[in-house]
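**Student:** To start, I am sharing the structure in question, which I have written as structure tokens.
Numbering (my numbering), first residue to last: 326 to 448.
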């Protein structure tokens, strides 16, 4: 009997992450394709939770659901406080934050400005 190959494509992984976020009622989910901006990851996904407890549960659900699909998290940061929990899946990095922390750091604007500057310098 041969072992089951649980390798999934990057697109399948991205969809699985979004499903896992939605399972625990994450909101304001933003998927950013950053592969042209950094060699560290292909996608950055930012989502919000209503409380630190929910952010921890959302991040844990992402880790568990992807593990079921054969994708192990490379690392998880911020679980202790829960205001900003980062799940590193290598090709996808997930940031789960309470709204105040998300508004303060505004990762979407930071990365979109980086993309704009890069496009301007290439022109």
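Glycine included, every Cβ here is placed at the ideal spot set by N, Cα and C.
Fair warning: this is a prediction, and the values are worked out from it, not measured in the lab.
How about residue 383 and residue 349: do their beta carbons lie closer than 7 Å?
**Tutor:** Yes. Within cutoff.
**Student:** Assuming residue 381 and residue 407 are in contact, meaning their beta carbons sit under 8 Å apart, how far apart are those beta carbons, in whole angstroms?
**Tutor:** About 4 Å separates the two Cβ atoms, so the contact holds.
**Student:** In chain order, which alpha helix (DSSP H) runs of at least 4 residues are fully inside the stretch 401-441?
**Tutor:** With a minimum length of 4 residues, the continuous alpha helix (DSSP H) runs that stay inside the stretch 401-441 are 424-430.
**Student:** If residue 356 and residue 432 are in contact, beta carbons under 8 Å, what's the gap, nearest whole angstrom?
**Tutor:** Actually they are not in contact, since the Cβ atoms of residue 356 and residue 432 sit about 12 Å apart, beyond 8 Å.
**Student:** Quick one: residues in its chain with C-beta nearer than 7 Å to the C-beta of residue 346, no 5 flanking neighbours on either side, listed in chain order?
**Tutor:** If we look at residue 346 and ignore the five residues flanking it on each side, its Cβ neighbours are 354, 372, 383 and 387.
**Student:** For my contact list, residue 421 and residue 398 are in at a C-beta cut-off of 8 Å; report their separation, rounded to the angstrom.
**Tutor:** Going by Cβ atoms, the distance from residue 421 to residue 398 rounds to 13 Å, so no, they are not a contact pair.
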